[in-house]
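These notes concern the structure reproduced below.
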Amino acid sequence: MAEVYTIICGHVNCYIVVENENAILIDTGLKKYRETILKKCRELNVKLIVLTHGHIDHCQNTAYLAKILNIPIAMSEKDLNLIPDNKMQPLFAKSLLGKIVLLASLSSMENDHLEVFEPSVFLNGGDTLSEYGVNAKIVELTGHTEGSIGIEVDGNKLFVGDALMNMLYPTVSLIYGNEQSTRESAHYISEAGDKTIYFGHGMPKKNRKWIK
Ligand SMILES: [Zn+2]
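This is the structure we're talking about:
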């Protein structure tokens, strides 16, 4: 059974999933936290960086960590266009909290620097990470971005990136590129059974029905 280490980077999380001597880093957090993340990655022998999607708050240390640790970066090919410019995929929001989150996100995309990196592993739904020593399977959770993915570990933990969020309360993603796909992804998670949901933002929760 894998162990999960959570590194809270202000409003966003990254996670190290450890199984025996192997580990993967899920998302890379914000620049301010890079030394803490690097230290933990070294301690736990992280062999791969997996990005749930290409937004800056989930990727800001990717270039730095991949270079220093000399490890590959894995993500969906469908989010590659976000690396040079996070605004390549438009975002929308409906609720008041969603609109506030959207404004904050757009401001960060405008003002914060995302150092360009080159993924060498492209992940699709159904792929496994067994060659990195971790019992993990990729699920496609498109909607928040085109290339949003989830990582299911041991069948009972699901890292959802921003497909769901737990900022003030747990909910379907408050901001999205495609609302319908976001709802379909939330429906998929709802039907995925008994699992702990690890969000990109906020504390974990038990899985439940995410849409009515
Ligand atoms: Zn995002």
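Under the working numbering, think of the first position of the sequence shown as 1205, with each following residue one higher. Every residue, glycine too, gets a C-beta built ideally from N, C-alpha and C. The structure presented is a predicted model; accordingly, all values stated were derived computationally and were not measured.
query	result
Beta bridge counterpart(s) of VAL1208 as assigned by DSSP	VAL1221
DSSP-derived helix/strand/coil call for GLU1417	A question about residue 1417 goes unanswered here, because the residues of the chain that appear run from 1205 up to 1416.
Paired residues, beta bridge with PRO1374 - DSSP	ASN1370
Cut-off 6 angstroms between Cβ atoms - residues of its own chain near ARG1387, not counting five sequence neighbours on either side	ILE1415
Near ligand 1: HIS1262 beta-carbon under 7 angstroms from a heavy atom	yes
Whole-number beta carbon distance between ALA1396 and LEU1345, since they are thought to touch under 8 angstroms	So it is not a contact: roughly 10 angstroms between Cβ atoms.
Inter-stretch contact (C-beta, 8 angstroms, three-pair minimum) for the stretch 1332 to 1343 and the stretch 1369 to 1387	no
Nearest residue (CA-CA) to GLY1258, options PHE1321, ALA1206, VAL1305, SER1299	PHE1321
For GLU1239, the nearest candidate out of VAL1364, TYR1268, HIS1262 (CA to CA)	TYR1268
Within 8 angstroms, strictly: CB atoms of TYR1402 and VAL1364	yes
CYS1218 to SER1311 span [Cα, whole Å]	21 angstroms
Straight-line gap, SER1394 to ASN1249 (C-alpha atoms, nearest Å)	33 angstroms
Simplified DSSP assignment, three categories, for ALA1396	coil
Anticipated Cβ contact below 8 angstroms, ASP1283 with GLY1404, distance rounded	Not really, about 14 angstroms apart at Cβ, beyond 8 angstroms.
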